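To start, the structure under review is shown below, and the notes come after it.
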Amino acid sequence: MNSSRLTKFLIPVFAVLLGVIAGSIVMLVSGYNPIAGYSALLYGSFGDSYYIGETIRQTTPYILAGLAVAFAFRTGLFNIGVEGQLIVGWLASVWVGVSLDLPKVIHLPLAILAAAAAGALWAFIPGFLKARFKVHEVIITIMMNYIALHVTNAIIRSVLSDKGFKSETVHPSASLQSEFLQSITDYSTLHYGIIISLIGAIIMWFLLEKTAKGYELRAVGFNQHASQYAGMNVPRNIILSMVISGAFAGVAGAMEGLGTFGNISVKAGFTGIGFDGIAVALIGSNNAFGIILSALLFGALKVGALEMPSSADVPTELVDIVIALIIFFVASSYLIRLLLSRFKKEGK
Amino acid sequence: MEYVIEMLNIRKVFGNFVANDNITLQLKKGEIHALLGENGAGKSTLMNVLFGLYQPDGGEIRVKGQSVKIANPNVANDLGIGMVHQHFMLVDTFTVTENIILGSEPTKGGKIDIKHAEQQVRELSERYGLAVDPTAKIADISVGMQQRVEILKTLYRGAEILIFDEPTAVLTPQEIQELIQIMKALVREGKSIILITHKLKEIMEVCDRVTVIRRGKGIDTLNVADTNPNELAALMVGREVQFKTDKKPAQPSKEVLEIKDLVVKDARGVTVVDHLNLTVRAGEIVGIAGVDGNGQTELIEAITGLLKAESGSILLNGQDIFNLSPRKITEAGVGHIPQDRHKHGLVLDFPIGENMVLQTYYKKPYSKNGVLNFKAIYDKARQLIAEFDVRTPDEYTPARALSGGNQQKAIIGREVDRNPELLIAAQPTRGLDVGAIEFIHKRLIEQRDQGKAVLLVSFELDEVMNVSDRIAVIYEGKIVAIVDPKETTEQELGLLMAGSKQKEAGVSS
């Protein structure tokens, strides 16, 4: 049992290593210096306090998006709609943040809860359709993403601004931004959201692993027939699972709305955070702790990539290739398992 | 004497566990040789060694006197060894012929020569009396036919030695008889067969010799003609086994389950339970005998709330439980050992310990204020594992890793421990060996003796006759007769189950 746990942990680690190696081959072939490229990447993500701040800030929504995907996945559902749930969460948090005037202890939690509620509502629809009419959640969540994108854009133009392209900035009482965190990280955009996303990870772990409800959700995820036999309400659990997943996604949006940007602007396309959440969950083996690590990896790669063109002349797109390769190697974990068992045999 | 296969002193070790401890098996040409052992005795391991899926840690394999090393199943194929797996390996959307040629497709000018292949398959099928239509789609043919396709697959690849892995587990009684004829035809044509099984009846009926293994050790090889089921069972289990379960006469008291005019339709809207009436009293076991597909499954699903019934009434101790939710029915005092333990009985990916509280996880002491109390859960699990002799490395092992018999014992432990007023056991011993069957029958009778009502559904007549105090015969969704197991015969039950004596029986009951 211990060795299988170790393997579970080693697979993503090996996948990352293989991805990095394959990435350097790509760099070599296209005439770039991989050592310079990776040192720029490393420097750009952890090189000094500013970059560390930026990396953690970028990690924050990734954790929550990863949790959202993983929560649904652990209960047998594939929530591709995290992106849309994140966008409506973002909008809801900013809306509450600009339109109300309340003391911080009420205003900030209210804005975050609004984001969670919006994301939950957005995920409720596919959950309900799945539970009631057996419509596949993947189809509905994909379509809900587009609806979310265009509906929020319309609301930003018509309600949150006067035909403008962005909302006002949220009131300080609803803001996650922190002068203290900015000052210790050389004025990066780091905000308190990281604490919320870590709490989110603890909530997910506790809910799934420690509570009776989590037991039920996992049982439904593994075997609906046995769950029905055991007296669990399968449709209700499917809906609940989507709602909780959507709430995590909505809070991920609040991190952007109340922390990083402080507002919401009209989007030409998706943020990508929700989609990256799928990869974060995959690399983190759908486990709360693993997701924190894999979100940190994604945050570091995304932030560090910005440094690559200027100091190593390597285009940022290369990081997308490396990420894609890592995902490829995680997905083909069979290959890594085979390699690991070879190593073990030779070790004997 | 010429042996086609000799496995001499085969040893196979997994970690600390010795799965095969110097087992010897010798197969003569043209014989049907049974490999008999309890679940987990090491039968499958031994055959996987022969088929090249495992490499032995010791011993020697000889094929026709030549020492060979079987590195993988392809080598086994080349040596003329074919395996008919318990779980079929067929592509549902392909035809019979397409499945058979899969992996060694005959080609003609770069195209698959399907006509030629169909012809070959047809010839093989006729030669061994398999009656398989080479152009039928797998999805459209019965389980018994699919098994014949598996047999054809091995024959098509030129197998001389066929290994059958528990072939009757998935078959109906008629299909079993047909399979036995096929096996006899195969040996007549000079093939040799190894039959992995734990069903003594089949061995007595079809096999020439039998090798018994127990806990990884070879116990004995006997001529079937010189032995009897009692001796085989004792060799297999390691102690005397009682086939007739001892029981005191039933002392039925008040009515626990009363079903009146129950009508249930299946998913296609066909009436499968048709104005059925049945009562089960406290302190008795009522066995439902019937051919599969006469409404047994739907009847039980309707009682337990898994399927909504159309009309009628179901009372449990006078309380109406008709179309309540499964949880309400469970809480009202119904225990259910489901027919399909993998589908309904267990969450296979959960630890066996967590499966022990599948219906009670939300109650004290297993959870408090919505938080699970793992100590209480695993204390209970350890208690049940010990009490019901569930053999598992520990209580944290996934249920999937347990053998079928141990999974079943775990389910029975869980259901009995909840102390239900009515215990429904659907096919409780399907696929289990005699030791486990004896254990489970004893537990059912124990429940009865404690004054509980037990409803048993089984397709095995022996089981129904042996365990029940009253037998209700179901035919086309109706109870057509109630008979006393002491006064009836297999023949009479068989006729009733076929619906032929419906009228007279209805009068006499």
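So the sequence lines, in the order shown, correspond to chains H and A.
For the first sequence, the working numbering gives the first residue as 1030, with consecutive numbering after it.
For the second sequence, the working numbering gives the first residue as 60, with consecutive numbering after it.
Even for Gly, the Cβ is constructed at its ideal location relative to N, Cα and C.
Since we're looking at a predicted model, the values are computed, not measured.
By the three-class DSSP mapping on this structure, what secondary structure does residue i have?
i	result
A/D80	strand
H/T1181	helix
A/I278	strand
A/E343	coil
A/S370	strand
A/M142	strand
A/P457	strand
A/S201	coil
A/I359	helix
H/H1200	coil
A/S426	strand
A/Q418	coil
A/L335	strand
A/Y187	coil
A/F223	strand
A/R477	coil
Checking contacts by CB at 8 Å: is residue i closer than that to chain A?
i	result
H/K1239	yes
H/Y1244	yes
H/H1165	no
H/F1251	yes
H/R1371	no
H/A1160	no
H/G1260	yes
H/H1136	no
H/A1276	no
H/H1254	yes
H/Q1114	no
H/Q1087	no
H/R1366	no
H/A1248	yes
H/G1376	Any reading at H/G1376 needs caution, since the residue's pLDDT is 49, under 50, leaving its predicted position unreliable; the model's value is listed next. With 8 Å as the cut-off, H/G1376 does not count as an interface residue toward chain A.
Does the beta-carbon distance from residue i to residue j come in below 8 Å?
i	j	result
H/M1261	H/E1245	yes
A/F518	A/Q486	yes
H/G1333	H/G1073	yes
H/M1284	H/L1106	no
H/A1248	A/G404	no
A/D320	A/S370	yes
A/G188	A/A244	yes
A/T156	A/V134	no
A/G463	A/L443	no
A/R512	A/V339	The sequence shown places Ala at residue 512 of chain A, not Arg. Yes, these two residues count as a Cβ contact at 8 Å.
Closest Cβ-Cβ distance between residue i and chain H: below 8 Å?
i	result
A/R477	no
A/Q561	At A/Q561 the pLDDT is 47, less than 50, meaning the model places this residue with poor confidence; the figure from the coordinates comes in the next sentence. False, the Cβ-Cβ gap to chain H never drops below 8 Å.
A/S567	Confidence at A/S567 is low in this model, with a pLDDT of 41, below 50, so the placement of that residue should be treated as unreliable; the coordinate-derived value is given next. Chain H contact via Cβ: absent.
A/T356	no
A/T451	no
A/D408	yes
A/K439	no
A/L405	yes
A/L365	yes
A/Q466	no
A/L554	no
A/V430	yes
A/K216	One point to set straight first is that residue 216 of chain A is Arg, not Lys, in the sequence displayed. Chain H, which has no Cβ nearer than 8 Å to the Cβ of A/R216, makes this no.
A/Y113	no
A/F76	no
A/R459	no
Who does residue i pair with in a DSSP beta bridge?
i	result
A/A484	A/I396 and A/L515
A/K439	Looking at the DSSP assignment, A/K439 forms no beta bridge with any residue, so it has no partner.
A/M66	A/L84 and A/I120
A/T330	A/K324
A/Q125	A/V122
A/P410	A/P457
H/Q1206	H/H1220
A/Q378	A/L375
A/E314	A/R340
Fill in: Contiguous alpha helix (DSSP H) assignments of at least 4 residues, all confined to the segment 1247 to 1322 of chain H
1253 to 1258, 1263 to 1283 and 1302 to 1312
Discussion item. So within the segment 140 to 179 of chain A, which uninterrupted alpha helix (DSSP H) runs reach at least 4 residues, ignoring any that extend past its ends?
Written reply: 155 to 160
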